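Here is the structure we will look at.
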Amino acid sequence: MIDLVQLRREPEFVKASLARRGVSTLTMDEIEALDVEHRRLLQETESLRAEVNELSRQVGEAHRNKDVATAQELTAKSRVVGDLERQASEASESTGNALREMLLMIPNLPAPDVPDGLDDSDNVELRRWWVGMDEGLDAPTYADCQRVPHWETGAELGILDLESGAKLAGSMFPLLRGAGARLQRALGFFALDRHLDAYEEIQPPTLALTETMMSTGHLPKSVDDMYSIARDGLWAIPTAEVPLTSMRRGEILDEAELPIRLTAQTSCFRREAGAAGRDTRGLLRVHEFVKVELFNYCTPAQADAAFADVLARAEALLQALGLTYRVLLLCTGDLGTSSARTFDLEVFSPGVDRWLEVSSVSWFGDFQARRANVRFRTADGSIELVHTVNGSALAWPRIWAALVETYRQPDGSVILPDVLAPYMGGETTISTRPV
RNA sequence: GGAGGGAUGACAGAGCGGCCGAAUGUACCGGUCUUGAAAACCGGCGUGGGCUUGCCCACCGUGGGUUCAAAUCCCACUCCCUCCGCCA
Numbered sequence: 024m025i026d027l028v029q030l031r032r033e034p035e036f037v038k039a040s041l042a043r044r045g046v047s048t049l050t051m052d053e054i055e056a057l058d059v060e061h062r063r064l065l066q067e068t069e070s071l072r073a074e075v076n077e078l079s080r081q082v083g084e085a086h087r088n089k090d091v092a093t094a095q096e097l098t099a100k101s102r103v104v105g106d107l108e109r110q111a112s113e114a115s116e117s118t119g120n121a122l123r124e125m126l127l128m129i130p131n132l133p134a135p136d137v138p139d140g141l142d143d144s145d146n147v148e149l150r151r152w153w154v155g156m157d158e159g160l161d162a163p164t165y166a167d168c169q170r171v172p173h174w175e176t177g178a179e180l181g182i183l184d185l186e187s188g189a190k191l192a193g194s195m196f197p198l199l200r201g202a203g204a205r206l207q208r209a210l211g212f213f214a215l216d217r218h219l220d221a222y223e224e225i226q227p228p229t230l231a232l233t234e235t236m237m238s239t240g241h242l243p244k245s246v247d248d249m250y251s252i253a254r255d256g257l258w259a260i261p262t263a264e265v266p267l268t269s270m271r272r273g274e275i276l277d278e279a280e281l282p283i284r285l286t287a288q289t290s291c292f293r294r295e296a297g298a299a300g301r302d303t304r305g306l307l308r309v310h311e312f313v314k315v316e317l318f319n320y321c322t323p324a325q326a327d328a329a330f331a332d333v334l335a336r337a338e339a340l341l342q343a344l345g346l347t348y349r350v351l352l353l354c355t356g357d358l359g360t361s362s363a364r365t366f367d368l369e370v371f372s373p374g375v376d377r378w379l380e381v382s383s384v385s386w387f388g389d390f391q392a393r394r395a396n397v398r399f400r401t402a403d404g405s406i407e408l409v410h411t412v413n414g415s416a417l418a419w420p421r422i423w424a425a426l427v428e429t430y431r432q433p434d435g436s437v438i439l440p441d442v443l444a445p446y447m448g449g450e451t452t453i454s455t456r457p458v
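Count along the first sequence starting at 1, add 23, and that's the number in this note's numbering.
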């Protein structure tokens with residue numbers, strides 16, 4: 024949620040920032056008007072309530088003095104004022120609700136260095152990395168045997184079974200088997216082990232309350248992209264960011280315990296309602312996938328370092344796996360609702376000949392913390408909202424795809440990078456002939 | 001799923017419908033005393049909101065209700081504990 028106090032203090036700046044992301048100034052004018060009206064009604068309500076409180080106090084006093092006549096007179100008076108108070112507070116409440124509903128739909132202010140743009144074509148590529156680049160290799164090259172899409176290799180090797188997944192849950196629910204399943208497990212173990220030097224490992228629930236989904240900004244705005252378990256009032260999480268952000272919801276943290284760094288590998292569920300029919304082949308876009316998430320609660324002063332840390336960890340994994348990737352700075356048009364600044368990491372998939380998003384590293388400022396009401400007490404005793412930072416490291420199905428394509432051999436087998444050997448029982452070759 | 005008990009400030013723990021935002025203790029912060037520390041004593045010590053910055057309003061698990069007035073009475077729900085049933 025944006026800061027209403029900031030909107031009052033510097034309305035022009037807030038409106039200009041939001042206009043960059045397509046929020047109409049008229050909408051913001053409406054919010055401002057509602058805010059003014061709400062405060063007017065609030066004052067009216069509170070002064071009437073103060074009057075009722077005072078009259079009630081006098082009633083009590085009269086009773087103690089056995090002054091029945093005065094007590095009755097004051098009770099009658101208080102009843103009248105109480106009716107007025109009820110009317111005022113109903114008006115105030117409905118105005119407040121209208122204001123809150125609008126505010127919940129307003130996205131975060133983009134950071135000043137976020138470029139303007141309409142969609143992903145306006146994102147800015149910051150850098151690329153490929154194996155051999157550090158040794159002077161100008162560009163990665165790919166042999167014909169690497170130009171085979173992972174769904175073909177996956178079927179050939181019996182490690183990706185899209186038909187079975189579709190039979191169980193419908194299309195875009197893949198099923199991994201054998202070495203393919205083990206590869207995804209290996210990736211998760213590999214990544215988590217590398218994060219445990221600084222991050223606490225969490226296994227959160229993968230269903231969440233509406234309130235939990237509100238805190239990160241996934242509801243109400245992105246309701247069509249979420250799976251719901253209506254009967255129990257629960258939602259399937261689209262990312263571990265959802266439970267991790269709410270883990271300390273409503274708490275006042277000690278500055279000394281910040282940054283709090285959490286990591287979790289969970290299933291992530293996405294209806295992909297807006298992307299129906301696009302990029303649906305193989306593992307390019309799926310409804311359920313496994314991802315390791317890195318998360319930080321931090322002070323505003325720590326936010327830059329936290330962001331850099333998450334990004335560095337995601338990049339380090341990609342480099343360790345030997346995958347070509349690029350780093351993008353998202354433009355205003357491609358930024359998620361809650362984010363002030365996001366870097367996307369995309370791996371190159373030689374078999375499909377496309378870049379695939381495998382991580383999104385975001386700084387949310389205090390936007391999510393305001394919704395989740397997570398604050399910290401500074402050394403001098405004042406209380407401030409924390410900042411939240413998170414990023415994937417990494418989302419596995421697309422990494423799986425890039426690995427199977429990048430490491431495909433002329434004989435059709437796949438030889439995985441050595442870093443995964445300890446997690447694959449020492450066996451890095453996947454071939455049709457069982458070993 | 002069934003039966004019972006509980007939910008109050010950082011923690012423990014009081015609280016006859018009115019003078020209760022809330023006793024008391026611990027913890028914490030400041031001071032006196034002390035060479036220093038401890039002890040003792042004194043003072044402070046929740047969060048949010050509004051505006052006329054001095055006041056007002058809200059908050060005792062959550063939501064509703066009764067009342068001039070609710071931490072206190074009534075209803076529903078949530079969570080925790082104990083027991084029974086079922087079960088990975």
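Don't be surprised by glycine CBs; every beta carbon is placed ideally from N, CA and C.
In this text the structure is predicted, and so the values were computed from the model without any measurement.
Three or more beta-carbon pairs under 8 Å between the stretch 423-437 and the stretch 161-171, yes or no? At 8 Å Cβ cutoff, the stretches touch.
For the stretch 347-354 and the stretch 434-446, state whether three or more C-beta atom pairs, one from each stretch, are separated by less than 8 Å. Contact fails between the stretch 347-354 and the stretch 434-446, because fewer than three Cβ pairs, one in each stretch, are under 8 Å apart.
THR229 versus SER269, PRO197 and MET24, residue with shortest Cα-Cα distance: Out of SER269, PRO197 and MET24, SER269 has the C-alpha closest to the C-alpha of THR229.
Have a look at the DSSP bridge pairing and note the partners of PHE371. Bridge partners of PHE371: TRP378.
Rounded to whole angstroms, what is the Cα-Cα separation between HIS310 and ARG400? Approximately 40 Å between the Cα atoms of the pair.
Other residues of its chain near VAL37: CB distance less than 8 Å, five sequence neighbours each side excluded: Here the set comprises ILE25, GLN29, LEU30, MET51 and LEU132.
7 Å Cβ shell around LYS89 - same chain, five flanking residues per side excluded: Cβ-Cβ distances below 7 Å link LYS89 to nothing in the same chain once the five nearest sequence neighbours on each side are left out.
ARG205 to MET447, Cα distance in whole Å? Distance between the alpha carbons of ARG205 and MET447 is about 7 Å.
Proximal residues to GLY463 (C-beta, below 7 Å), its chain only, five neighbours per side dropped: Outside the shown range of the chain, which is 24 to 458, sits residue 463, and nothing can be said about it.
So, under 8 Å CB-CB, THR360 and GLY188 are touching, yes? Tell me the CB distance rounded to an integer number of Å. With 8 Å as the limit, THR360 and GLY188 do not qualify as a contact, their Cβ atoms being about 30 Å apart.
Sort PRO282, MET236 and ALA425 by Cα distance to GLN391 and report the nearest one. Per the Cα distances, MET236.
Should GLU264 go down as buried or exposed, given a rule of 16 or more other Cβ atoms within 10 Å for buried? That one is buried.
Tell me which same chain residues have a C-beta within less than 6 Å of the C-beta of PRO459, skipping the five on either side of it? Residue 459 is absent from the model: the chain starts at 24 and stops at 458.
Within this structure, are the beta carbons of TRP423 and LYS314 separated by less than 9 Å? For TRP423 and LYS314, no; Cβs fall outside 9 Å.
Per the DSSP calculation, ASP277 is bridged to which residue(s)? Answer by DSSP bridge pairing, in chain order: ARG400.
ASN319 - containing beta strand (DSSP E), residue span: Unbroken beta strand (DSSP E) run through ASN319: 311-321.
Tell me the DSSP bridge mates of ASN413? Bridge partners of ASN413: PHE318 and SER385.
For a test of the three-state rule: what should DSSP assign to PHE213, helix, strand or coil? Correct three-state label for PHE213: helix.
Does the stretch 113-130 touch the stretch 50-68, meaning 3 or more C-beta pairs lie closer than 8 Å? Enough Cβ pairs lie closer than 8 Å, so yes.
Run through the DSSP bridge pairs and tell me what PHE11 is partnered with. Coverage of the chain is limited to positions 24 through 458, which leaves residue 11 absent and any answer about it impossible.
I need the DSSP call for GLN432, collapsed to helix, strand or coil. GLN432 falls in the coil class under three-state DSSP.
Cβ of ILE182 versus every heavy atom of the ligand SAM: is any distance shorter than 8 Å? For the structure depicted, the ligand SAM is absent and the ligand set is empty, with no information on it obtainable.
Return the CA-CA distance between GLY273 and LEU191, expressed in angstroms with no decimal places. Rounded to the nearest whole angstrom, the CA to CA distance from GLY273 to LEU191 is 39 Å.
With DSSP run on the structure shown, which of helix, strand or coil describes PHE196? Reduced to three states, the DSSP call for PHE196 is coil.
By Cβ distance, which residues of its chain are closer than 8 Å to GLU179, with the 5 residues on each side in sequence left out? The residues are GLY435 and THR455.
Where does VAL458 sit, in a helix, a strand or coil, going by DSSP? In this predicted model, VAL458 has a pLDDT of only 45, less than 50, meaning its place in the structure is not dependable; the value taken from the coordinates is given anyway. VAL458 carries a coil assignment under DSSP once its states are collapsed to helix, strand and coil.
Which runs of the alpha helix (DSSP H) fall wholly inside the stretch 247-274 and span at least 4 residues, in chain order? DSSP runs (the alpha helix (DSSP H)) wholly in the stretch 247-274: 264-269.
Rounded to the nearest angstrom, how far is the Cβ of LEU257 from that of ALA231, given a contact under 8 Å? The pair is a contact, with the Cβ atoms about 7 Å apart (cut-off 8 Å).
Give me the residue from ARG200, ALA343, SER112 and LEU408 with the minimum Cα distance to HIS61. Proximity to HIS61 across ARG200, ALA343, SER112 and LEU408 peaks at SER112, based on C-alpha coordinates.
So, for VAL458: in the same chain, excluding its five sequence neighbours on each side, which residues have a beta-carbon less than 8 Å away from its beta-carbon? Note that VAL458 has pLDDT 45, beneath the 50 cutoff, so the model's placement of it is unreliable and no number is given.
If you count every other CB in all the chains shown that lies within 10 Å of the CB of MET128, and 16 or more means buried, which is it? The C-beta of MET128 has fewer than 16 other C-beta atoms within 10 Å across all chains shown, which makes the residue exposed.
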